[in-house]
Amino acid sequence: MNTRPKRREVVKAKLTDLPTVCEIIDSGRRIMRESGNLHQWDNHHPSELQLRKDIEKGCSYLLKEDGKSFATFAFIPGPDITYAEIEQGEWMDTERPYYVIHRVATLPGYHGVMSDILNYCFSITDNIRIDTHRDNTIMQHCLLKAGFNYCGIIHLISGDERLAYQKLR
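Structure representation (structure tokens):
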């Protein structure tokens, strides 16, 4: 029996990784549907064009285990236009620069994904904001477990509402 611990690492995605990023996003979309989140990430969002732009801007990442990509996320320096106004609450800190995590997705069967992503992100900044759909109970659970604070409701450019969270370190 092989008991060697698996080696995980976060790497910036390259354009050659775009098919892998798209595959992981599609997997994340299926996981959402299976868990009852029927409205977030319709068949056109995030689009391949958006994922390509993330890579070109250097803000798309892959989480790998023993060299195999199994999760993806975008890690983007703020300000984020959709976070300019928040309803039914307030941000914990509006003075310091922040980063935003978007488009988190994983292949099935992997655990501790958010923990690995957050460890990486907090090695870069001490102020992170993230939002999720009201139906995405998996992400809400992960965020609260990781110590994020629910701050209120933001609206995407499309007008759709999202639950907004922030964590300071």
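In case it helps, numbering that gives the first Met the number 0 puts the sequence shown at residues 0 to 168. Each residue gets a CB set at the ideal place from its N, CA and C atoms; glycine is no exception. Source: prediction; values computed, not measured.
| query | result |
| --- | --- |
| Outcome for I123 when other beta-carbon atoms lying within 10 angstroms are tallied against a minimum of 16 | exposed |
| Cβ pair count under 8 Å reaching 3, the stretch 83 to 95 against the stretch 140 to 156 | yes |
| Residues that E84 bridges to, as DSSP identifies them | Answer by DSSP bridge pairing: none, since E84 is not bridged. |
| Where E45 falls, given that 16 or more other Cβ within 10 Å makes a residue buried | The sequence as given places Pro at residue 45; Glu does not occur at that position. By the neighbour-count rule (16 or more Cβ atoms within 10 Å), P45 is buried. |
| Residue interval of the alpha helix (DSSP H) (run including T131) | No alpha helix (DSSP H) contains T131, which is instead part of the beta strand (DSSP E) from N126 to T131. |
| Contact under 8 Å by Cβ, R7 with E64 | yes |
| Meets three-Cβ-pair contact criterion under 8 Å: the stretch 63 to 78 and the stretch 109 to 120 | yes |
| C-alpha gap between Q139 and L162, whole angstroms | 9 Å |
| Three-state secondary structure (DSSP) of N135 | coil |
| Assumed close pair L50, S59 - CB separation to whole angstroms, cut-off 8 Å | 7 Å |
| Coarse secondary structure for P78, derived from DSSP in three states | coil |
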